């Protein structure tokens with residue numbers, strides 16, 4: 001198992017380097033001179049030169065690149081031009097909010113999605129299956145931003161039972177953002193669970209388990225679900241990326257003070273060090289989650305470790 | 001005699017009906033399966049309605065989608081304005097109708113970029129293997145490492161907003177999935193006898209690749225393209241919603257939805273209809289994708 005862990009971790013290194021390169025290139029892809037763009041329309045030539053020097057844009061490109069990688073290794077993401085704070089610190093104060101939102105949504109999506117998927121599979125081609133499957137396809141087609149607005153209109157404006165925005169009411173303020181963000185993943189997990197369960201339920205070992213007199217619940221959970229878990233775990237792992245991306249939009253809808261809002265605010269104020277930092281951190285988080293998924297995979301299915 | 005002949009033909013026909021196996025060429029068989037697939041049918045009908053609305057709507061409703069008329073702002077629904085008017089006095093329905101065009105163009109152009117770059121890249125990567133494959137795979141890994149809308153967001157933040165840059169950004173995010181898909185199916189046919197026979201006959205590898213290997217992976221690509229159209233529309237409208245997509249006053253659904261947030265308490269309808277339009281379009285492409293999957297490749301069910 002340890003060899004497998006190390007091998008998987010090593011494969012992530014070129015990906016991390018690639019991600020860092022893309023993030024580095026972002027600033028250099030800006031149309032025109034980045035320093036002029038960042039300084040804004042009212043800048044003096046001195047302030048432009050100042051920014052150019054501060055960002056190291058007056059050095060040759062390879063030197064900029066190596067310097068960027070070197071600072072990354074030391075955990076230095078630069079200084080925010082908007083607040084003057086280190087970018088790392090800006091991100092660290094916001095990260096817990098995004099993590100809270102993403103984890104709450106993921107749990108909601110897993111619990112509801114797996115349960116609904118199993119239910120639909122066991123009641124194949126009944127009204128319950130049709131209802132669950134249609135709700136799932138609605139869920140994966142729903143624009144997160146629209147769902148958020150509709151929930152605000154119903155629960156905050158009409159019924160006045162939940163807050164429309166902000167994070168100042170503890171768990172209560174998490175309810176609407178978490179549901180909004182979860183729905184897409186919930187739909188996808190439901191669909192994946194249903195089809196994986198259908199495939200497993202048709203196999204011989206399930207019939208054998210039933211034939212030897214194992215209880216309905218035992219057959220379903222211990223035999224069928226356990227074997228259907230692999231594609232479900234993959235979907236869940238990939239959903240974490242969707243959740244991190246969706247969080248950017250959800251946070252904007254609900255004024256949730258996480259990394260997504262930080263990213264948007266920084267885009268609009270042309271604070272590119274922060275934009276680079278947030279994009280990098282979200283991608284790194286996703287790579288780490290994927291690595292973790294692979295390890296769970298190997299744990300769930302020993303065949304993978306030895307191949 | 002003729003009665004008996006027709007009876008035989010009748011029997012054959014009814015047998016075919018019983019087996020539900022439509023006759024004819026494979027293409028028409030797919031079409032029949034699609035037509036009788038409930039979710040695909042719903043998807044096709046919704047899409048046809050959108051296309052019709054986008055094409056014919058402006059002929060029926062004679063309003064300007066851009067011109068402001070402040071004295072008519074926030075009118076409720078009426079026979080003259082079936083969905084009311086927006087904050088700048090423009091007819092909401094005509095703006096939605098024009099929005100159909102932007103949305104469909106955005107979606108198809110972005111997915112065309114994804115297919116146009118992803119398919120050849122995946123085929124070459126899978127067919128030649130070795131260093132080319134390794135490079136291609138690492139590149140896709142990097143693109144896939146950015147959580148879905150994030151890459152498009154970062155690209156638009158850099159390239160700038162507007163229709164063209166949104167198409168490019170969303171298009172680039174659509175590439176990796178097609179690379180993966182085509183690479184996988186190329187790997188699975190690379191060693192099959194018909195490819196080997198082609199090689200033995202001295203057919204150039206480019207011809208083998210694009211005349212024999214790529215067409216074989218067409219079915220999953222078509223399915224994925226339909227699903228990806230839904231995803232591309234969601235992301236493009238999401239960028240519009242955040243103020244980083246197609247810019248006002250262009251009547252793009254996401255941008256309209258973003259603008260409606262300021263009036264969510266006073267005029268919630270302005271948020272309801274553009275969102276409903278996006279939802280319907282995405283739903284249609286997802287349903288069609290599901291139907292295509294069942295029709296083109298029953299094994300994938």
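Residue numbers (our numbering), protein chains in the order written: chain A, 1 to 307; chain B, 1 to 301. All residues carry an ideal CB built from backbone N, CA and C; glycine is no exception. In this text the structure is predicted, and so the values were computed from the model without any measurement.
Residue i versus residue j: straight-line alpha-carbon distance, rounded
i, j, result
"residue 111(B)", "residue 211(A)", "49 Å"
"residue 254(B)", "residue 3(A)", "48 Å"
"residue 310(B)", "residue 135(B)", "Outside the shown range of chain B (1 to 301) lies residue 310(B), about which nothing can therefore be said."
"residue 281(A)", "residue 179(A)", "24 Å"
"residue 216(B)", "residue 182(B)", "9 Å"
"residue 195(B)", "residue 207(B)", "11 Å"
"residue 64(A)", "residue 70(A)", "10 Å"
"residue 142(A)", "residue 227(A)", "30 Å"
"residue 218(A)", "residue 225(A)", "10 Å"
"residue 74(B)", "residue 22(A)", "45 Å"
"residue 163(B)", "residue 106(B)", "8 Å"
"residue 309(A)", "residue 117(A)", "The shown model of chain A, from 1 to 307, leaves out residue 309(A), and the question about it has no answer."
"residue 78(A)", "residue 26(A)", "15 Å"
"residue 37(A)", "residue 82(A)", "14 Å"
"residue 92(A)", "residue 72(A)", "15 Å"
"residue 343(A)", "residue 140(A)", "No answer is possible for residue 343(A): it lies beyond the span of chain A, which begins at 1 and ends at 307."
"residue 99(B)", "residue 186(A)", "29 Å"
"residue 289(A)", "residue 89(B)", "48 Å"
"residue 19(A)", "residue 143(B)", "8 Å"
"residue 115(A)", "residue 189(A)", "10 Å"
"residue 180(B)", "residue 274(A)", "32 Å"
"residue 302(A)", "residue 183(A)", "32 Å"
"residue 203(B)", "residue 212(B)", "11 Å"
"residue 35(A)", "residue 80(A)", "14 Å"
Counted within 10 angstroms of its Cβ, other Cβ atoms place residue i as buried (16 or more) or exposed
i, result
"residue 213(A)", "exposed"
"residue 226(B)", "buried"
"residue 292(A)", "exposed"
"residue 285(B)", "buried"
"residue 91(B)", "buried"
"residue 125(A)", "exposed"
"residue 268(A)", "exposed"
"residue 61(A)", "exposed"
"residue 132(A)", "buried"
"residue 10(A)", "exposed"
"residue 196(A)", "buried"
"residue 53(A)", "exposed"
"residue 28(B)", "exposed"
"residue 232(A)", "buried"
"residue 224(B)", "buried"
Span of the alpha helix (DSSP H) around residue i
i, result
"residue 53(A)", "45 to 54"
"residue 207(A)", "204 to 211"
"residue 71(A)", "61 to 73"
"residue 322(A)", "Outside the shown range of chain A (1 to 307) lies residue 322(A), about which nothing can therefore be said."
"residue 237(A)", "226 to 253"
"residue 94(A)", "87 to 122"
"residue 157(B)", "148 to 159"
"residue 174(B)", "163 to 190"
"residue 232(B)", "218 to 241"
"residue 256(A)", "Premise fails: residue 256(A) is in no alpha helix (DSSP H) and is neither H nor E."
"residue 195(A)", "171 to 201"
Note to self: Closer than 7 Å between beta carbons: that is the criterion. Which residues of the segment 262 to 285 of chain A meet it against chain B?
What the structure shows: Residues of the segment 262 to 285 of chain A that bring their beta carbon within less than 7 Å of a beta carbon in chain B comprise 264, 267, 275, 279, 282 and 283, in sequence order.
Check: Three or more beta-carbon pairs under 8 Å between the segment 267 to 282 of chain B and the segment 186 to 206 of chain B, yes or no?
Finding: Contact annotation: the segment 267 to 282 of chain B does not touch the segment 186 to 206 of chain B, with fewer than three C-beta pairs closer than 8 Å.
Next item on the list: State whether the segment 247 to 262 of chain B contacts the segment 118 to 130 of chain B, with contact taken as three or more CB pairs (one from each stretch) at a distance under 8 Å.
Entry: Contact fails: fewer than three Cβ-Cβ distances are below 8 Å.
Next item on the list: Examine the Cβ distances between the segment 245 to 258 of chain A and the segment 154 to 164 of chain B and report whether three or more of them are shorter than 8 Å.
Entry: Segments in contact, no.
Note to self: Across the segment 169 to 182 of chain B and the segment 97 to 112 of chain B, are there enough close Cβ pairs to call them in contact, namely three or more that are closer than 8 Å?
What the structure shows: In short, these stretches touch, since the Cβ pair count reaches three.
Item checked: Segment contact flag, the segment 224 to 239 of chain B with the segment 72 to 83 of chain B, C-beta cutoff 8 Å, min 3 pairs -> No, because fewer than three Cβ pairs between the segment 224 to 239 of chain B and the segment 72 to 83 of chain B fall closer than 8 Å, the two stretches do not touch.
Item checked: Contact list for the segment 223 to 243 of chain B against chain A, Cβ threshold 7 Å -> Per Cβ criterion, the list reads 230, 234, 237, 238, 241 and 242.
Next item on the list: Taking 8 Å as the threshold, find out whether the segment 226 to 242 of chain A comes into contact with the segment 28 to 46 of chain A through three or more Cβ pairs.
Entry: Taking 8 Å as the limit for Cβ pairs, the verdict is that the segment 28 to 46 of chain A does not touch the segment 226 to 242 of chain A.
Next item on the list: Output, in sequence order along the chain, the residues in the segment 116 to 129 of chain A whose CB is closer than 9 Å to any CB in chain B.
Entry: Answer in chain order: no residues at all.
Margin query: Closer than 9 Å between beta carbons: that is the criterion. Which residues of the segment 117 to 150 of chain B meet it against chain A?
Written below: Contacts with chain A (Cβ-Cβ distance below 9 Å) from the segment 117 to 150 of chain B involve 138, 139, 141, 142, 143, 144, 145, 146, 147, 148, 149 and 150, listed in chain order.
Checklist line | Touch test, the segment 198 to 211 of chain A against the segment 257 to 265 of chain A, Cβ-Cβ under 8 Å, three pairs minimum | finding: Judged by Cβ distances under 8 Å, the segment 198 to 211 of chain A makes no contact with the segment 257 to 265 of chain A, as fewer than three pairs qualify.
Next item on the list: With 9 Å as the C-beta to C-beta threshold (strictly closer), list the residues of the segment 158 to 169 of chain B near chain A in chain order.
Entry: 158, 159 and 160: these are the residues of the segment 158 to 169 of chain B whose beta carbon lies less than 9 Å from some beta carbon of chain A, given in chain order.
Checklist line | Cβ-based contacts, 9 Å cut-off: residues of the segment 137 to 149 of chain A near chain B | finding: Correct list: 137, 138, 140, 141, 142, 143, 144, 145, 146, 147 and 149.
Next item on the list: Below 7 Å between beta carbons is the criterion; list the residues of the segment 9 to 39 of chain A that meet it against any residue of chain B, in chain order.
Entry: For chain B, the residues of the segment 9 to 39 of chain A that bring a beta carbon within less than 7 Å of one of its beta carbons are 14, 15, 18, 19, 22, 26, 29, 30 and 31, in chain order.
Margin query: Residues of the segment 153 to 180 of chain A in Cβ contact with chain B at a cutoff of 7 Å, in chain order, please.
Written below: Under the 7 Å Cβ criterion, the segment 153 to 180 of chain A contributes 153 and 157.
Next item on the list: Could you list the residues in the segment 278 to 291 of chain B with a C-beta less than 9 Å from some C-beta on chain A, going in chain order?
Entry: Those would be 278, 279, 280, 281, 282, 283, 284, 285, 286, 287 and 290, in chain order.
Check: Taking Cβ-Cβ distances below 9 Å as the criterion, which residues of the segment 256 to 275 of chain B are in contact with chain A?
Finding: Hits within the stretch, in order: 257, 258, 260, 261, 264, 265, 268, 271, 272, 274 and 275.
Item checked: Contacting positions in the segment 246 to 257 of chain A - beta carbon closer than 9 Å to chain B -> Residues of the segment 246 to 257 of chain A whose Cβ lies closer than 9 Å to any Cβ of chain B, in chain order: 246, 247, 248, 249, 252 and 253.
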